[in-house]
Each structure stands twice: as C-alpha cells, then as structure tokens.
C-alpha cells in the first residue's frame, strides 16, 4: 500500500495516483480520521461539525482565502499570487501566525484549493467541503510541463463524488475565468454551491463512511481473489465448478 502524495501503479492500494491506465485501488486517506500535524484538531469528525456550525453566520470578510506552505505549493502558488495581486477579493497567507481552520471559516466567505508539487493530492479538500463556504479548485497541471490536465480535482477516492459547479467552483489553470469565478464564489450562486457541497460531504465524506468504504473495498478485492464456496441447498456440480474456476 502506498501512502505518499502520488503512489506508483505497482502498489495494490493508495490514497492518490496519476490519472491513466492504473489498476491501483484508491482508498480514503488518513485525513478522514485526524491530521493534527496540519493543525486540524482534534479530529475530522469534531472539526467538520465545528466548521458547519461556524458557517451558519456570515463571514467577516467577503473574500476568498488560501492558507498553506509556499514550499509545498511552489508549482502553482506564485502564478496564483500574480493572477490575484490586483484583486481585493483574495487573501493569501503563509508563515506565522498560524490561522486555524475554524478562524479561516469565520474570516472568509470562500476558500481556494491550490495543488501541491508533483500533482500531490490536497488533503484538506474533504474538510473544506464541510465548511459551508464555496471552494474554488484550481485546475491541476502536469508537473513536468505545467500544462493543464483538464481536471480540477485530484485522483482520489472521494473525487468520484465531486461535480464542478455543483460542489466546487473550477478555476482554469490560465486564470482566464477568474473574474467569473470570483463573482460566483462571492454571490448567491456560490452560497448554493457551498450548501450542496456540505450536503454531499455529510452524506459521503465522513469518518464512518471512510471506514465503511475501506471495508467494502477490501471485501471486494478478497472476493475477486478467493473463489466463493457454493451456498448450501444449491447443489449440483455447476456451482462447485464455478467456484473452482
């Protein structure tokens, strides 16, 4: 099992991998339990419930914020900063002091998700979808060429549940739709997207569902590898032959 940002296709299971003809099975990652190293305390369940409660009140600033480490976002962060340098609608923060997820939700009316280096997946996305604030997802690029991939989500287990303009707002890699994205994110449409994202997250992206998904995935893999015994009462050589095939 691979637990890195992008797992080679020779692993049986992993949190994320490059798109393409890869047989590796994607599973929920550790962030669905807890991620204290990133200051997301005390655990996923308590934190997401707290963010949902905070988001019932309007944000203090009608702005879209991003907080993170410039070192781990060196591929796309500089381009994003240049794109929004003349806009009063965006805030980029890194370094000290640390801004907790709770205070980010109190402060800003929407969030921005910027991909990390080497197409590493973004571990904060499930949490952001619970925040009650719209999430702007910057288009992912190929790390070697920095050309757009056409994908706005990382290749993760939960990406299957996310739909553009329904659960998140897609921002093109060349920032050509930045003006429209800003208008949507800070308007009524953005609030509708945030509400739909939260509904989906409550239904799909929880610790309980992550545990259940891993169990289902492991059972499905086991059933593919191990022949099933014929059920009692069915009889006949056909069942036994199929089981041993």
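In UniProt numbering, the protein residues as written are 1 to 245.
Ideal Cβ placement from N, Cα and C applies to all residues, glycine included.
On a CA-only basis, which of the options is nearest residue i? Give me that one, please.
i, options, result
"residue 114", "96, 136, 207", "136"
"residue 82", "158, 175, 202", "175"
"residue 112", "18, 41, 196, 182", "182"
"residue 280", "79, 70, 109", "Missing from the structure shown is residue 280; the chain here goes from 1 to 245 and no further."
"residue 33", "127, 186, 219, 217", "127"
"residue 30", "159, 57, 210, 217", "210"
"residue 130", "195, 218, 100", "195"
"residue 178", "134, 140, 84", "84"
"residue 144", "205, 18, 122", "18"
"residue 160", "186, 139, 124, 200", "200"
"residue 150", "139, 46, 206, 70", "139"
"residue 207", "162, 47, 54, 133", "47"
"residue 133", "205, 69, 188", "188"
"residue 43", "101, 22, 94", "101"
By the 10 Å Cβ neighbour count, where 16 or more other Cβ atoms means buried, how is residue i classified, buried or exposed?
i, result
"residue 191", "buried"
"residue 234", "At residue 234 the pLDDT is 36, less than 50, meaning the model places this residue with poor confidence and gives no usable figure here."
"residue 222", "exposed"
"residue 247", "Limits of the chain in this structure are 1 at one end and 245 at the other, which puts residue 247 out of reach."
"residue 14", "buried"
"residue 9", "exposed"
"residue 98", "exposed"
"residue 164", "exposed"
"residue 166", "exposed"
"residue 96", "exposed"
"residue 219", "exposed"
"residue 103", "exposed"
"residue 56", "exposed"
"residue 122", "buried"
"residue 16", "buried"
"residue 155", "buried"
"residue 158", "buried"
Please report the straight-line C-alpha distance between residue i and residue j, rounded to a whole angstrom.
i, j, result
"residue 214", "residue 76", "32 angstroms"
"residue 152", "residue 172", "8 angstroms"
"residue 224", "residue 203", "28 angstroms"
"residue 87", "residue 212", "43 angstroms"
"residue 67", "residue 52", "19 angstroms"
"residue 244", "residue 27", "Note that residue 244 has pLDDT 37, beneath the 50 cutoff, so the model's placement of it is unreliable and the number below is only indicative. Distance between the alpha carbons of residue 244 and residue 27: 29 angstroms."
"residue 238", "residue 170", "Any answer about residue 238 is weak, because its pLDDT of 38 lies below 50 and its placement is not dependable; what the coordinates show is given next. The straight-line gap from Cα to Cα measures roughly 52 angstroms."
"residue 39", "residue 24", "30 angstroms"
"residue 228", "residue 217", "With a pLDDT of 45 at residue 228, under the threshold of 50, the modelled position of this residue cannot be trusted; read the value that follows with caution. So the alpha carbons of these two residues sit roughly 17 angstroms apart."
"residue 147", "residue 65", "25 angstroms"
"residue 168", "residue 11", "30 angstroms"
"residue 41", "residue 198", "19 angstroms"
"residue 205", "residue 35", "15 angstroms"
"residue 54", "residue 124", "17 angstroms"
"residue 59", "residue 22", "42 angstroms"
Since I believe residue j is in contact with residue i (beta carbons under 8 angstroms), could you give me their beta-carbon distance rounded to a whole number of angstroms?
i, j, result
"residue 90", "residue 63", "6 angstroms"
"residue 107", "residue 37", "Actually they are not in contact, since the Cβ atoms of residue 107 and residue 37 sit about 22 angstroms apart, beyond 8 angstroms."
"residue 94", "residue 78", "So it is not a contact: roughly 12 angstroms between Cβ atoms."
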